[in-house]
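Here's the structure we're looking at; comments come further down.
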Amino acid sequence: MQASRTLLSKQTMAVVARQPACFVHHGDHGNWGNTNIAVVFSGCGWWDGTDVHEGVYTMYHLSRNGARFQMFAPNQQQMHVMDPMKKQPSSGENRNMMMESARFSHGQGMMQMQDLSKLDVNSFDAVIFPGGHGIIKNLSTFAKDGKDCKLQGDVDKVLKDFHRSRKPIGLASMASVLACRVLPSIEVTMGYEKDENTRWGNWPHTNMVQAVKSMGARHNVREPYEAFVDEKNKVVSTPSFMWETEYHYHYIFDGIGNMVKHVMRMSTK
Numbered sequence: 011m012q013a014s015r016t017l018l019s020k021q022t023m024a025v026v027a028r029q030p031a032c033f034v035h036h037g038d039h040g041n042w043g044n045t046n047i048a049v050v051f052s053g054c055g056w057w058d059g060t061d062v063h064e065g066v067y068t069m070y071h072l073s074r075n076g077a078r079f080q081m082f083a084p085n086q087q088q089m090h091v092m093d094p095m096k097k098q099p100s101s102g103e104n105r106n107m108m109m110e111s112a113r114f115s116h117g118q119g120m121m122q123m124q125d126l127s128k129l130d131v132n133s134f135d136a137v138i139f140p141g142g143h144g145i146i147k148n149l150s151t152f153a154k155d156g157k158d159c160k161l162q163g164d165v166d167k168v169l170k171d172f173h174r175s176r177k178p179i180g181l182a183s184m185a186s187v188l189a190c191r192v193l194p195s196i197e198v199t200m201g202y203e204k205d206e207n208t209r210w211g212n213w214p215h216t217n218m219v220q221a222v223k224s225m226g227a228r229h230n231v232r233e234p235y236e237a238f239v240d241e242k243n244k245v246v247s248t249p250s251f252m253w254e255t256e257y258h259y260h261y262i263f264d265g266i267g268n269m270v271k272h273v274m275r276m277s278t279k
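In this note's numbering, the protein residues as written are 11 to 279.
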């Protein structure tokens, strides 16, 4: 018995000795840390900020593909606070976009939420805007002014700076509105152009598609799990929760994954 244990111990040690000291994941597009991405939030929650799923899926796919990322949000009050159960504004409440967006952060140092006014295009390879109603309420006046909306000052500057620097811009769901308003003749997808109900879901926000077309953008029909790439302008978009579904969130997950991969691909050129 003792001899058997000794033999087993030697065999086990031999196996362990052959293993690397640590396992380093290099992602699908290169080594860790080669790409540095800015992610811009507008609060926390689909109805009055950044959609939680879109924000988290974006960070997951960035991590999975070997990118570093820094989170930003405007240090300003949001338009209003929504009761997500009643889907109505809560009276008497005021919240700061940056503080609400900090609910996405996990850790300290570079993982803390930063003031969007401090985002320097020279420090990043690309920028991504997850969606949610904060896009049209906090980062722009689209909820009030439609196609004639104005963008929050720092958002306007960030989009123009990245576009001018030929660095990729990633957009999920409603975020395409921002880029279409200030960048000339870009191409995006926000999903379908008509609300085609199916047993899988429906498209209740097609009025935004017509709005971006009136801004001069070209719209391309895509499924929720797809991304559209405007190679000329280095703009990548995905429908995400422009599509409403009760159960099929994996389609949203896959669409954001495709958007992130193309952003990272173009950021290395």
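In this text, a Cβ means the ideal position worked out from N, Cα and C, and glycines have one as well.
Close Cβ partners of residue i (< 6 angstroms) along its chain, the five nearest in sequence each way excluded
{"i": "Lys147", "result": "Met89, Ala153"}
{"i": "Ser277", "result": "Thr45, Asp135, Ala136, Pro178"}
{"i": "Phe263", "result": "Tyr67"}
CB contact flag (residue i, residue j, <7 angstroms)
{"i": "Tyr235", "j": "Tyr257", "result": "no"}
{"i": "Met65", "j": "Pro140", "result": "For the sequence presented, residue 65 should be read as Gly rather than Met. For Gly65 and Pro140, yes; Cβs fall inside 7 angstroms."}
{"i": "Val49", "j": "Ile145", "result": "no"}
Rounded separation between residue i and residue j - CA only
{"i": "Pro214", "j": "Phe114", "result": "27 angstroms"}
{"i": "Glu110", "j": "Gln80", "result": "16 angstroms"}
{"i": "Asn195", "j": "Tyr70", "result": "Rather than Asn, the amino acid found at residue 195 in this sequence is Ser. So the two alpha carbons sit approximately 31 angstroms from each other."}
{"i": "Val187", "j": "Gly102", "result": "29 angstroms"}
{"i": "Phe251", "j": "Leu181", "result": "12 angstroms"}
{"i": "Val91", "j": "Thr60", "result": "13 angstroms"}
{"i": "Leu169", "j": "Leu193", "result": "8 angstroms"}
{"i": "Asn106", "j": "Ser175", "result": "30 angstroms"}
{"i": "Gln87", "j": "Ser52", "result": "10 angstroms"}
{"i": "Asp93", "j": "Ser100", "result": "6 angstroms"}
{"i": "Asn212", "j": "Phe172", "result": "33 angstroms"}
{"i": "Asp130", "j": "Pro84", "result": "14 angstroms"}
Which of helix, strand or coil DSSP assigns to residue i
{"i": "Phe134", "result": "coil"}
{"i": "Gln220", "result": "helix"}
{"i": "Thr255", "result": "coil"}
{"i": "Trp42", "result": "Any reading at Trp42 must be qualified, since the residue scores a pLDDT of 46, below 50, and its modelled position is unreliable; the value itself is stated next. Trp42 falls in the coil class under three-state DSSP."}
{"i": "Gly201", "result": "strand"}
{"i": "Ile179", "result": "strand"}
{"i": "Ala83", "result": "strand"}
{"i": "His272", "result": "helix"}
{"i": "Leu161", "result": "strand"}
{"i": "Ser52", "result": "coil"}
{"i": "Ser285", "result": "Shown here, the chain extends from 11 to 279; a query on residue 285 therefore has no answer."}
For residue i, the residue or residues it bridges with in DSSP
{"i": "Pro99", "result": "Met92"}
{"i": "Arg78", "result": "Asn46"}
{"i": "Ser247", "result": "Leu181, Phe238"}
{"i": "His229", "result": "Val198"}
{"i": "Asn212", "result": "Glu254"}
{"i": "Gln124", "result": "Phe82"}
{"i": "Phe152", "result": "Answer is none; Phe152 lacks a bridge partner."}
Nonlocal neighbours in the same chain, by C-beta distance under 7 angstroms from residue i, ignoring five residues either side
{"i": "Lys97", "result": "Trp57"}
{"i": "Leu72", "result": "Ile47, Phe79, Val270"}
{"i": "Ser226", "result": "According to the sequence shown, residue 226 is Gly rather than Ser. These residues qualify, in order along the chain: Pro194, Ser195."}
Proximal residues to residue i (C-beta, below 8 angstroms), its chain only, five neighbours per side dropped
{"i": "His229", "result": "Glu197, Val198, Thr199, Met200, Glu203, Val219, Val222, Lys223"}
{"i": "Val231", "result": "Thr199, Gly201, Tyr202, Glu203"}
{"i": "Glu206", "result": "Asn212, Trp213"}
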